[in-house]
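Participant: Okay, here's the structure, questions in a sec.
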Amino acid sequence: MNNSDFVRQLPGSNRSISSQRTISQRLRIDIPLLLLLLILSGVGLGVLYSASDGSMDTVIRQGRYLSVAFVVMLLVAQLHTEQLQRWAPFAYIGCVMLLLAVDFVGVGAKGAQRWLGIGGFRFQPSEIAKLVMPMAVAWYLSTHPLPPSFRHTFISLVLILIPTGLIVIQPDLGTSILIATSGIFVLFLAGISWGFIFSCLGLLAMMAYPMWEFVLHDYQRQRILTMLNPESDKLGAGWNIIQSKTAIGSGGFEGKGWLLGTQSHLDFLPESHTDFIIAVLAEEFGLRGVLLLLLLYGLIVSRGLWIASQAKQCFGRLLGGSIILTFFVYVFVNMGMVSGLLPVVGVPLPLVSQGGTSLVTLLVGFGILMGICADERLVHQ
Amino acid sequence: MTRRQQLKNTHYERRVYRHRVAISIIFVVTMISILIARYGQLQIADYNIYKTHSDRNRIQLLPIAPKRGLIFDRNGVLLAENIPSYTLTVVKERLESLDETLAIIGELIPLAEEDIEQFRKRLSRRRPYEAVPLKFRVSEEEIAKIAVNRYRIPGVEIDAQLVRHYPHGELFAHVLGYVGRISERELDEIDPVNYSGTHHIGKIGLEKYYEELLHGTVGYQNVESNAHGRILRVLERHDPQPGGDIHLSVDAYVQQVAFEALKGQRGAIVAMDPRTGGVIAMVSTPSYDANLFVNGISSADYNALQNDPDLPLYNRALQGQYPPASTIKPIWGLAGLQYGMVTTATRIADPGWFTLPNDSRRYRDWKRGGHGYSVNLEQAIVQSCDVYFYELAYRLGIDRLHDFGARFGLGVPTGIDNTNERSGILPSRAWKEEVRNSHWYPGETISVGIGQGFMLATPLQLAVATSVIASRGELRAPRLLASVDGEKVIAPLLGRMDDVPDAYWDAITQGMEQVVASPQGTARGLKAGLTYRMAAKTGTAQVVGIAAGEKYDSSTLHKRNWDHALFVAFAPAEDPKIAVSVIIENGEHGGSVAGPAARKVFEAFLVGEPKTVPTPMDITPEVWVDE
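Chains as they are written, first to last, in full-length UniProt numbering: chain F, 1 to 381; chain W, 1 to 627.
Structure below.
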């Protein structure tokens, strides 16, 4: 008996015993995932309270965003995976058009056009692309036999490169790489050949120098240089990294205690509410806190991967797997950049950093995952 | 479901998927391990480094300037104090734009070009995070204007500090000197740590001489500050050790009397206690208000002082070098006795002139027709007979004159605890060889006999020499400082003339007493109403040479070329408590012009109870701020 068969049958058989559908099944939510997300959000609010110097207003505002995002997640969970699959091509076309619109009529901030204003309401089409990209690639690949042939792989890559290129020219290199990654995860999960993967990696390595010279903007090059040697620009770009490393390191194993982090409370730590909030946590709760946070993220990723692998439909599997792996990449990139492992690219720490838009995008992703999960259970009944 | 999907091998696809998920899990675990390793490295391995970084970030060591020691006179009159003053400072590091900030400040309060220029100079010397003073003596009204607009000018602060103030203004300027802002040159010389909180340093006079004593030792505090440099709390404080409070031997009342006595004239008075070397009064007129210099004198004020023909900045008591003229005669008389060239009974004929053997040049007596055909030492001193001392100098010779004069502290700085003292000239063969590159001529000895020629002495040196006579041979370095924080300071004894018999001292003192007491005495005008015995000697120093056969006539000379009036004295003659030297430039007559000034000083010191001087309250209100 195949292991996968065993896993598939076990929950199904349980449910067939309890002939009635549980509340979670009726509401199409995954209780363990929801609990983990709620705990993480709670931790986030606690750290934010400290990072904002005890500003209850900030915490309440973030709490409001969280409530909205969780409601949106539960609503998205009601959608059936087949519906998503049907909408995927149209969503993709719409998304590409929005990205084109940003490049032509977008609103700029700090030398980059990332926003689109519609009737006094501003939003970032690249946020939509974060979800639409894996949907489109999963849709395309799931309509063909897997592992994908070279042709399908190539067409998938074109699907990935169009929105990525449009975001690169905004310019927003960090986001475009993360969005491309979500598409590439779909390809990977679909089973593209290792030969192809390695030749792509080799090609990338060869492209690295021309990319550095001709594609990267000065500020991007500066970020990478600063990451490699923050001491070179102590008061300028290196300041952020030096201060965040100092915050993390001075936390030690035990941490300085909640609300007692000197780096953040004395304003040495930049962006302590948003991208650098992990430094506040690391300073105040020490390595213990960091390990617990990583455990939480690990559990969420495990649960997500489990849900994805339970999906019967190929589309749901590919989409769910990509969403949860991309989620992890966000965690890794954020924690890596704040600790000086990676260049600073402006990626928030999922569910902990302050901010509304990215939160909604994230929880829509988890809503999709829950929908996939519910569909699977439905099938078993 | 489409036909195409039915062609898919669902089982195979699932297996591929699970395989990829397994690889993904490995990927996730690897990445989490990398993160744990990284955070472990920062938080465990490098914990100490970052802990230090973090502490260094938030904890700043700030210097606390010590309080400068106060200066009192011998009776406790406050001569130098510290009063609060507000300074506008700028921290460059926290400015967005220096020019913009200066422009905004310039709109709010008057800001002179000079201030800005000085500020830029200072700025280049200080570190960017240090507060650099922009404007001193900021008024309360100006503080209010800055405070209201503070949000527009981050990095601009009002700094309250204690600033030196001299309540008696010009009365003590030549005694105390003054403090001023530390200059770039001084910055290289001082201990940067001890002066890290200090803006002022003694520039001249007593303030400079006792800088180390008055300054004290810097204190510091560990403060926690945020990234913008704002101090949030004090973690630890080490109080500075304040500078020593010092009492001077100077008597403010006597000083004031001496100052009044010279008012309107150019001159100097030095009074000292021959028993201790303590300086009782030291006046040089005209004087200046030392307070002008404390926070940087304006160039207009400075030019006015510098270009004043009466030279108010010139400390005549220490720096003025005058021919001692006839005031030197008692010392030469004593030399004559000591070397056996004359006795008290020796009589010398004074026809009104003196000639050297084999030389027809006549050295004239100040008195036409001379002092008679038998002048003894006492008469020579009383009447200030020039010819007697020409003859005496001739008999002694320059070598003995030099050696004996040196025992009275002439020709070298007295070693007073003050700055810029000059040494005067006690000529000798060696001196002439070195300075003039020429032999000594006998005629030059004759001039030295009446304290003219090459001979020069400062008023302070004359006071010291007079003290030596008064104390019968004790040469002391004069001292302004009497005690530090209650501990007495003794002036060093530089020499004692035990070899001179009392009889000789008696003879000289007797002669000097008769200068006042005798009807022929050159200072007989001072006798009236004297309640104590005064020993004195007058002097009149030529400013321009009068050719042989010509007569000195003040009416034909410009006032600047009139003779200087000199007077040295001590009292009471039988138990000297005070010795005085007075010089009044172009005052003409020692006895009648300089003498009364000396008598006023004696009266102030010897007669009645010690008096104090009220502290003037004419301080500008913007400086006088309650703490």
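All residues carry an ideal CB built from backbone N, CA and C; glycine is no exception.
#1: Taking a Cβ distance cut-off of 7 Å, strictly less, list which residues of the segment 32-64 of chain W are near chain F, in chain order.
#2: Please name the residues in the segment 257-276 of chain F whose beta-carbon is closer than 7 Å to at least one beta-carbon of chain W, in chain order.
#3: Going by beta-carbon coordinates alone, are W:D251 and W:G69 separated by less than 8 Å?
#4: Expressed to the nearest angstrom, what Euclidean distance is found between the alpha-carbon atoms of W:D310 and W:A304?
#5: Would you list, in chain order, the members of the segment 135-147 of chain F that have their beta-carbon closer than 9 Å to a beta-carbon of chain W?
#6: The beta strand (DSSP E) that contains W:I238, what's its start and end?
#7: Return helix, strand or coil for W:V484, following the three-state DSSP convention.
#8: Once DSSP output is grouped into helix, strand and coil, what is the label at F:W306?
#9: How close, in whole Å, do the beta carbons of W:T276 and W:A517 come, if the pair is a contact with beta carbons under 8 Å?
#10: Could you say if the segment 307-317 of chain F and the segment 134-143 of chain F meet the contact criterion of at least three C-beta pairs nearer than 8 Å?
#11: With three or more beta-carbon pairs closer than 8 Å as the criterion, would you say the segment 139-157 of chain F touches the segment 73-92 of chain F?
#12: Is the number of C-beta pairs between the segment 79-98 of chain W and the segment 163-171 of chain W that are closer than 8 Å three or more?
#13: Name, please, each residue of chain W whose Cβ falls closer than 7 Å to the Cβ of F:T246.
#14: Scan the segment 218-301 of chain W and note each continuous alpha helix (DSSP H) run of 4 residues or more that stays entirely inside, going in chain order.
#15: Along the beta strand (DSSP E) that carries W:Y86, what are the first and last residues, could you check?
#16: Could you name the residues of the same chain whose beta carbon sits closer than 6 Å to that of F:H152, not counting the 5 residues immediately before and after it, in chain order?
#17: Check the C-beta distance from F:V43 over to F:L293 and give it rounded, since I have them as a contact under 8 Å.
#18: Distance cutoff 8 Å, beta carbons only. Does W:S24 sit that close to anything in chain A?
#19: Closer than 9 Å by beta-carbon distance: list the chain F residues that pair up with W:Y210, in chain order.
#20: Please confirm whether any heavy atom of the ligand COA lies closer than 7 Å to the CB of W:I182.
#21: Below 8 Å, how does it come out for the segment 584-594 of chain W and the segment 336-346 of chain W: are there three or more Cβ pairs, yes or no?
#22: Which residues in chain W have a C-beta closer than 7 Å to the C-beta of F:C314? List them in chain order.
#23: Taking Cβ positions only, does F:Q191 come closer than 8 Å to chain W?
#24: Checking contacts by CB at 8 Å: is W:R18 closer than that to chain F?
#25: W:D191 by DSSP, collapsed to three states: which one?
#26: Counting only C-beta atoms, is W:N295 closer than 8 Å to chain F at any point?
#27: Could you please give me the residues that DSSP links to W:Y178 through a beta bridge?
#28: Looking only at its chain, what residues have a beta carbon closer than 6 Å to the beta carbon of W:A380, apart from the 5 residues adjacent to it on each side?
#29: So, using beta-carbon positions, are F:S250 and F:A279 closer together than 8 Å?
#30: Across the segment 320-334 of chain W and the segment 349-358 of chain W, are there enough close Cβ pairs to call them in contact, namely three or more that are closer than 8 Å?
#31: Could you pull out every residue in the same chain whose Cβ sits closer than 8 Å to the Cβ of F:G46, ignoring the five residues on either side in sequence?
#32: Indicate the three-state DSSP secondary structure (helix, strand or coil) for W:T528 in the structure shown.
#33: Return helix, strand or coil for F:W139, following the three-state DSSP convention.
#34: Runs of 3 residues minimum, wholly inside the segment 144-173 of chain W: which ones carry the beta strand (DSSP E) assignment?
#35: Does the segment 149-159 of chain W come close enough to the segment 89-101 of chain W to have 3 or more Cβ pairs within less than 8 Å?
#36: Quick check on the DSSP output: the alpha helix (DSSP H) that includes W:I578 runs from which residue to which?
Facilitator: With the given structure in hand:
#1: I32, L35, I36, R38, Y39, G40, L42, Q43, I44, D46, Y47, I49, Y50, K51, H53, S54, N57 and R58
#2: T262, Q263, L266, D267 and F268
#3: no
#4: 11 Å
#5: S142, T143, H144, P145, L146 and P147
#6: Here the sequence assigns His to residue 238 of chain W, which means Ile is not the residue at that position. Segment I231 to H238, the beta strand (DSSP E) holding W:H238.
#7: strand
#8: helix
#9: Rounded, the Cβ-Cβ distance is 27 Å, inconsistent with contact.
#10: yes
#11: yes
#12: yes
#13: Y50, H53, S54 and N57
#14: 252-261 and 291-294
#15: L78 to V91
#16: H144
#17: 7 Å
#18: In the structure shown, chain A does not exist; the protein chains are F and W.
#19: Near W:Y210 there are no residues of chain F at all, since even the closest Cβ is about 43 Å away, more than 9 Å.
#20: Here there are no bound small molecules, and the ligand COA is not part of this structure.
#21: no
#22: E13
#23: According to the sequence as given, residue 191 of chain F is Gly; it is not Gln. Chain W contact via Cβ: present.
#24: yes
#25: coil
#26: no
#27: W:I204
#28: Y388
#29: no
#30: no
#31: W258
#32: The residue you asked about is not Thr; residue 528 of chain W is Ala in the sequence shown. The answer is coil: DSSP assigns W:A528 none of H, G, I, E or B.
#33: helix
#34: 156-165
#35: yes
#36: Here W:I578 belongs to no alpha helix (DSSP H); instead the beta strand (DSSP E) covers I578 to I584.
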